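*Asks:* Can you keep this structure in mind? I'll have questions shortly.
In our numbering, the protein residues as written are 19 to 91.
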């Protein structure tokens, strides 16, 4: 659900710039987008984050062409 809300906001910002309500994406975001809260990583989990990131990097390099193909369906 949150992903849909995010996509709708991005679409609205892009549309507003396209029709001239704002002169740039940056200006539109400064007017319309607000940060409700910042969530920082838990320092106790750094080792887990680093390990997961290494796995992600390996998977991404192996699967990026497949993901690109899926995006074109």
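From the three backbone atoms N, C-alpha and C, an ideal C-beta is built for every residue, glycine too. Bear in mind that the values here come from a model prediction, so they are computed numbers and not experimental data.
Using a Cβ-Cβ cut-off of 6 Å (strictly less than) and excluding sequence neighbours within five positions of residue 40, which residues of its own chain qualify?
*Replies:* Excluding residues within five positions, the ones whose Cβ falls inside 6 Å are 34 and 46.
*Asks:* Between residue 23 and residue 54, what straight-line distance do the alpha-carbon atoms span, to the nearest angstrom?
*Replies:* So the two alpha carbons sit approximately 14 Å from each other.
*Asks:* Would you say the beta carbon of residue 84 comes nearer than 8 Å to a heavy atom of the ligand NAP?
*Replies:* Annotation note on the ligand NAP: not contained in the displayed structure, which lists no ligands.
*Asks:* Starting from residue 82 and walking both ways along the alpha helix (DSSP H), at which residues does that stretch end?
*Replies:* That run of the alpha helix (DSSP H) goes 64-89.
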